[in-house]
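Enquirer: The structure that follows is given in the form of structure tokens.
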Amino acid sequence: MRFLFLILTFTFLQTCSQTHQPVKSSIMENSTTKNNPYFSRTDRTKLTIPNEEWKKILDPELYAVAREAATERPHTGKFNVFDERGEYYCAVCGNHLFRSDAKFASTCGWPSFFEADKEGVIYKRDTSYGMERIEVLCKRCNSHLGHVFNDGPKPTGVRFCMNSVSLDFVGDSKEK
Ligand SMILES: [Zn+2]
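Per UniProt numbering, the very first residue in the sequence shown carries number 1; after that it's consecutive.
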């Protein structure tokens with residue numbers, strides 16, 4: 001009986017210490033970030049990884065959006081209707097992109113932000129599909145994230161229309 005009690009106590013303590021581990025990546029780790037040696041939420045060194053390499057690492061859905069500029073179907077992404085407080089990172093490389101304070105409820109079907117981390121994104125003219133648009137890419141890994149439009153709310157008036165699959169979210173509570 002005493003032995004059983006000790007085992008239970010030990011198991012409990014172990015569970016406890018695991019919950020309080022400072023390594024948050026193990027908690028937040030998903031199929032996107034595991035087995036990805038380039039993923040880092042702190043390293044902002046630019047990456048020039050060929051697509052053949054990314055294809056081996058990334059989930060097919062993320063690869064299609066991030067490396068081939070595909071667009072996920074509207075109203076299907078996990079961050080479209082989502083308002084938790086926290087930080088958004090590039091799902092490919094971990095680069096910081098947005099703060100939840102800049103996210104707003106948009107009816108377009110994709111997660112929308114009125115402001116991006118200036119060190120997080122770069123812009124490129126996109127004339128595909130007969131449209132004149134501005135493509136938004138990750139500044140660190142050059143992956144496609146979405147587009148930016150001039151119909152956003154105040155204070156910036158712009159709308160970053162992003163693909164959920166391209167985003168990696170870390171909630172404020174999990175940061176601590
Ligand atoms: Zn990136």
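Idealized CB from N, CA, C, for every residue including glycine.
Bear in mind the structure is a predicted one, so any value in this text is a computation, not a measurement.
#1: Less than 6 angstroms separating the Cβ of residue 136 from some heavy atom of ligand 1?
#2: Would you tell me roughly how many angstroms separate the C-alpha atoms of residue 84 and residue 127, rounded to the nearest one?
#3: Cα separation between residue 86 and residue 172?
#4: Using three-state DSSP, classify residue 180 as helix, strand or coil.
#5: Is any non-hydrogen atom of ligand 1 found closer than 6 angstroms to the C-beta of residue 166, if you look at the structure I gave you?
#6: Could you pull the start and end residues of the alpha helix (DSSP H) that residue 154 belongs to?
#7: Out of curiosity, what's the CA-to-CA distance linking residue 117 and residue 133?
#8: Write down the C-beta distance between residue 165 and residue 65 rounded to the nearest angstrom, noting that I regard them as a contact closer than 8 angstroms.
#9: Three or more beta-carbon pairs under 8 angstroms between the stretch 148-159 and the stretch 69-81, yes or no?
Expert: Taking the coordinates as given:
#1: Position 136 of the sequence shown, counting from 1, holds the residue named residue 136. No; taking the cut-off as 6 angstroms, the Cβ of residue 136 has no heavy atom of ligand 1 nearer than that.
#2: What you label residue 84 is simply residue 84 of the sequence shown in a count that begins at 1. What you label residue 127 is simply residue 127 of the sequence shown in a count that begins at 1. A straight line joining the alpha-carbon of residue 84 with that of residue 127 spans about 34 angstroms.
#3: In the sequence shown, residue 86 corresponds to position 86, counting from 1. In the sequence shown, residue 172 corresponds to position 172, counting from 1. A direct Cα-to-Cα measurement between residue 86 and residue 172 gives close to 5 angstroms.
#4: In this structure the chain extends from 1 to 176, so residue 180 is not present and cannot be described.
#5: Stepping through the sequence shown from its first residue, residue 166 is reached at position 166. Not one heavy atom of ligand 1 lies closer than 6 angstroms to the C-beta of residue 166.
#6: For the purposes of this step, residue 154 is taken as residue 154 along the sequence shown, with counting starting at 1. Residue 154 -> no alpha helix (DSSP H), and no H or E assigned at all.
#7: What you label residue 117 is simply residue 117 of the sequence shown in a count that begins at 1. What you label residue 133 is simply residue 133 of the sequence shown in a count that begins at 1. C-alpha separation (whole angstroms): 20 angstroms.
#8: On the sequence shown, residue 165 is found 165 positions in, with the first residue counted as 1. On the sequence shown, residue 65 is found 65 positions in, with the first residue counted as 1. Sure, about 5 angstroms apart at Cβ, within 8 angstroms.
#9: Segment contact: the stretch 148-159 against the stretch 69-81, fewer than three CB-CB distances shorter than 8 angstroms; contact not assigned.
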